[in-house]
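Peer 1: Here the sequence shown is numbered in the numbering used here, starting from 17 and rising by one per residue. Where is the CB? At the ideal position from N, CA and C, for every residue including glycine. Pasting a structure below so you can have a look.
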Amino acid sequence: MSLADVREWVRGATSIAVLTGAGVSQESGVPTFRDAQTGLWARFRPEDLATEQAFRADPGMVWDWYVMRRAMVARVEPNAGHRALARFQQARPGRLALITQNVDGLHQRAGSTGVLALHGTLQDDRWLDRPRPCCTALPPQEGRPPRCGRCGNLRRPAVVWFGELLPAEVLAAAEQAARSCDLMLVAGTSGVVYPAAGLARTAAERARMVVVNPGPSDLDDAAHAVLRGTSATLLPQLLEDGA
Ligand code: APR
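Here it is as structure tokens:
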């Protein structure tokens with residue numbers, strides 16, 4: 017299938033679901049997770065950082081890693097792929113549901129609304145243990161990480177760590193979008209992490225599913241079309257009239 021064919025599918029679709037991964041932020045300068053030469057995991061192992069166990073074992077080190085990632089994301093801008101998705105949503109309200117595995121907040125900064133952030137967002141914190149009245153009585157005490165000055169409860173990034181459940185209501189909305197769409201675009205994901213990758217397989221059972229990726233992904237086999245290219249190049253061409 018060609019780009020022109022998929023453009024026609026976009027025009028003819030009444031309900032589009034888009035699933036994105038780290039690849040859509042790559043052209044903004046945010047490293048992906050598994051690209052060997054630049055991936056965030058290249059220097060670390062996920063289980064050494066993005067788990068509750070790792071955080072409890074060394075809160076300062078894990079907190080510092082997220083502070084570094086927050087600073088990095090604050091320095092970059094959404095790219096043409098993020099902007100094309102936001103513009104499509106604004107021009108055609110209600111026709112596009114955006115599901116993302118990304119925690120960088122770039123879709124939201126580009127203007128996308130109702131973003132189903134399966135893995136949470138980097139910019140938010142929450143309490144590590146169930147908060148007690150003392151935890152909310154006063155602002156957290158500064159530190160690496162900040163903590164409750166009374167009971168010592170730690171603040172942690174409000175992202176979904178390996179082994180943790182995804183936010184139930186976000187996942188349910190994403191599953192509903194995957195089941196009810198007549199077209200799903202899957203951009204910038206290796207398709208190796210579930211349940212996110214399962215959403216693409218669910219959509220492919222009864223709707224057209226298109227992969228947008230410069231390289232091979234684990235979802236290529238289930239796709240009705242695979243467009244080899246980057247999201248900042250292809251998403252504007254797919255979503256914008258006259259692009
Ligand atoms: N445009 C589109 N896709 C790209 C681009 C680009 N410019 N650059 C790289 N890619 C593709 C890569 O080919 C790869 O298939 O993006 C994908 C990135 O894959 P991963 O690094 O595995 O990121 P992702 O799929 O989002 O990881 C899923 O795993 O580590 C966990 O929670 C983390 O949300 C993450 C999840």
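Could you tell me if residue 48 is buried or exposed, where buried requires 16 or more neighbouring beta carbons within 10 angstroms of its beta carbon?
Peer 2: The residue given as residue 48 occupies position 32 in the sequence shown. Residue 48 is buried by the Cβ-count criterion.
Peer 1: Taking contact to mean at least 3 C-beta pairs separated by less than 8 Å, is the region 89 to 101 in contact with the region 243 to 253?
Peer 2: At 8 Å Cβ cutoff, the stretches touch.
Peer 1: Can you grab the Cα-Cα spacing for the pair residue 140 / residue 155, in whole Å?
Peer 2: Start at 1 with the first residue of the sequence shown, and residue 140 comes out as number 124. Start at 1 with the first residue of the sequence shown, and residue 155 comes out as number 139. Roughly 15 Å between the two C-alpha positions.
Peer 1: Helix, strand or coil: how does DSSP classify residue 235 here?
Peer 2: One-based indexing of the sequence shown puts residue 235 at position 219. Of the three classes helix, strand and coil, the one that applies to residue 235 here is coil, per DSSP.
Peer 1: Mark residue 84 as exposed unless 16 or more other C-beta atoms lie within 10 angstroms of its C-beta, in which case mark it buried.
Peer 2: On the sequence shown, residue 84 is found 68 positions in, with the first residue counted as 1. Flag for residue 84 reads exposed.
Peer 1: Taking a contact to mean a Cβ-Cβ separation below 9 Å, would you say residue 246 touches residue 43 in this structure?
Peer 2: Locating residue 246 in the sequence shown gives position 230, counting from the first residue. Locating residue 43 in the sequence shown gives position 27, counting from the first residue. Yes, Cβ-Cβ distance for residue 246 and residue 43 is below 9 Å.
Peer 1: Note the first and the last residue of the continuous beta strand (DSSP E) segment covering residue 29.
Peer 2: Here residue 29 is taken as the residue at index 13 of the sequence shown, counted from 1. Here residue 29 belongs to no beta strand (DSSP E), and DSSP marks it neither H nor E.
Peer 1: State buried or exposed for residue 71, treating a residue as buried only when at least 16 other CB atoms are found within 10 Å of its CB.
Peer 2: Position 55 of the sequence shown holds residue 71. The residue in question, residue 71, is buried, as its Cβ has 16 or more Cβ neighbours within 10 Å.
Peer 1: So what's residue 198 in DSSP terms, helix, strand or just coil?
Peer 2: Looking up residue 198 in the sequence shown gives position 182. Coil.
Peer 1: Can you find a heavy atom of ligand 1 that lies under 8 Å from the Cβ of residue 123?
Peer 2: Position 107 of the sequence shown, counting from 1, holds the residue named residue 123. The answer is no for residue 123.
Peer 1: Following a CB-centred definition, is residue 60 positioned closer than 8 Å to any heavy atom of ligand 1?
Peer 2: Along the sequence shown, one-based indexing puts residue 60 at 44. No; taking the cut-off as 8 Å, the Cβ of residue 60 has no heavy atom of ligand 1 nearer than that.
Peer 1: In whole angstroms, give me the CA-to-CA distance for residue 132 and residue 227.
Peer 2: In the sequence shown, the residue the question calls residue 132 occupies position 116. In the sequence shown, the residue the question calls residue 227 occupies position 211. Going from the Cα of residue 132 to the Cα of residue 227 covers about 19 Å.
Peer 1: Could you check whether the Cβ of residue 135 sits closer than 8 Å to any heavy atom belonging to ligand 1?
Peer 2: Within the sequence shown, numbered from 1, the residue matching residue 135 stands at position 119. Within the cutoff, so yes.
Peer 1: Between residue 49 and ligand 1, is there a pair consisting of the residue's CB and a ligand heavy atom that are separated by less than 8 Å?
Peer 2: Residue numbering aside, residue 49 sits at position 33 when the sequence shown is read from its first letter. Checking the Cβ of residue 49 against ligand 1 gives yes.
Peer 1: Are there 16 or more other CB atoms within 10 angstroms of the CB of residue 197, so buried, or fewer, so exposed?
Peer 2: Your numbering for residue 197 matches position 181 in the sequence shown. With 16 or more other Cβ atoms within 10 Å, it is buried.
Peer 1: So is residue 117 buried or exposed if we call it buried at 16+ other beta carbons inside 10 Å?
Peer 2: By one-based count along the sequence shown, residue 117 stands at place 101. That one is buried.
Peer 1: Could you tell me which uninterrupted beta strand (DSSP E) segments, each at least 3 residues in length, are contained entirely in the region 155 to 216, listed from first to last along the chain?
Peer 2: Qualifying beta strand (DSSP E) stretches, in chain order: 171 to 175 and 199 to 203.
Peer 1: Check each candidate in 19, 37 and 185 and name the one with the smallest Cα separation from residue 208.
Peer 2: Your numbering for residue 208 matches position 192 in the sequence shown. Cα-wise, what sits closest to residue 208 is 37.
Peer 1: Looking only at C-alpha atoms, which of 235, 27 and 232 sits nearest to residue 257?
Peer 2: Looking up residue 257 in the sequence shown gives position 241. Per the Cα distances, 27.
Peer 1: Check whether the Cβ of residue 211 sits closer than 8 Å to any heavy atom of ligand 1, and report yes or no.
Peer 2: Translated into positions along the sequence shown, residue 211 becomes position 195. Not under cutoff, so the answer is no.
Peer 1: For residue 37, verify whether its CB is less than 8 Å away from any heavy atom of ligand 1.
Peer 2: In the sequence shown, residue 37 corresponds to position 21, counting from 1. At least one heavy atom of ligand 1 is nearer than 8 Å to the Cβ of residue 37, so yes.
Peer 1: What does DSSP give as the partner residues of residue 225 in its beta bridges?
Peer 2: Numbered from its first residue, the sequence shown carries residue 225 at position 209. DSSP output for residue 225 lists 200 as bridge partner(s).
Peer 1: Which residues share a DSSP beta bridge with residue 142?
Peer 2: Residue numbering aside, residue 142 sits at position 126 when the sequence shown is read from its first letter. Answer by DSSP bridge pairing, in chain order: 172.
Peer 1: Report all residues from its chain with a CB closer than 6 Å to the CB of residue 121; omit the five preceding and five following residues, and keep chain order.
Peer 2: What you label residue 121 is simply residue 105 of the sequence shown in a count that begins at 1. So the qualifying residues of the chain are 137 and 139.
Peer 1: For residue 122, which three-state DSSP category applies?
Peer 2: Within the sequence shown, numbered from 1, the residue matching residue 122 stands at position 106. Helix.
Peer 1: Excluding the 5 residues preceding and the 5 following residue 161 in the sequence, name in chain order all residues of the same chain whose CB lies nearer than 6 Å to its CB.
Peer 2: On the sequence shown, position 145 is the one that residue 161 refers to. Same-chain partners within the cutoff: 75, 79, 170 and 171.
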